[in-house]
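**Student:** Per numbering that gives the first Met the number 0, residue 0 is the first one in the sequence shown, and the count goes up by one each step.
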Amino acid sequence: MPIYEYRCPNGHLFELFQKMGDPPPNACETCGEGPVERVLYPVAVHFTGSGFYSTDYGRGGRKQSKDGAEPEKEKKADKTDKPEKKEKAAEA
């Protein structure tokens, strides 16, 4: 039997250990307010087998533009780009 999480209109969260066919509760266990809604969470899917490689899953670091070209890397300031210091002339 799975554990389901529910949220009431006041924002309280509570869990119920119930069968898949059981109806949701009518009211919140904390405040008695209703109706409650089931909270759904996304699950991570990782396909395994001979046809899938670890490189098939993106890391989110690189994104392509709409036309499919790779975006240009941002230019980092080099140490050589710093302005030169002016030397003061020594007075005689």
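Using N, Cα and C, we set each Cβ at its ideal position, and we do this for glycine too.
1. Go ahead and pull the three-state DSSP assignment for F16.
2. With C-beta atoms as the reference, is P24 less than 8 Å away from Y5?
3. Go through its chain and collect everything with a Cβ distance to L15's Cβ below 6 Å, but skip five positions before and after it.
4. For H11 and F46, I'd like the C-alpha separation in whole angstroms.
5. Grab the span of the beta strand (DSSP E) containing Y5 for me, first residue to last.
6. State yes or no: is the C-beta of F13 within less than 8 Å of the C-beta of C27?
7. Have a look at P22 and S49 and give me their C-alpha separation to the nearest angstrom.
**Tutor:** In terms of the structure at hand:
1. As a first step, residue 16 is located in the sequence shown; it is residue number 17 there, counting from the start. Looking at F16 - three-state DSSP - the assignment turns out to be strand.
2. Here residue 24 refers to the residue found at position 25 when the sequence shown is read from its first residue. Here residue 5 refers to the residue found at position 6 when the sequence shown is read from its first residue. In this structure, Y5 lies closer than 8 Å to P24 by Cβ.
3. Taking the sequence shown and counting its residues from 1, one reaches residue 15 at position 16. Excluding positions up to five away in sequence, the list reads Y3.
4. The residue labelled residue 11 in the question sits at position 12 within the sequence shown. The residue labelled residue 46 in the question sits at position 47 within the sequence shown. So the two alpha carbons sit approximately 35 Å from each other.
5. The sequence position of residue 5 within the sequence shown is 6, counting from 1. From DSSP, the beta strand (DSSP E) with Y5 extends over 2 to 6.
6. By one-based count along the sequence shown, residue 13 stands at place 14. By one-based count along the sequence shown, residue 27 stands at place 28. Yes, the Cβ-Cβ distance between F13 and C27 is below 8 Å.
7. Sequence index remark: in the sequence shown, residue 22 carries index 23 (1-based). Sequence index remark: in the sequence shown, residue 49 carries index 50 (1-based). Their Cα atoms are separated by approximately 41 Å.
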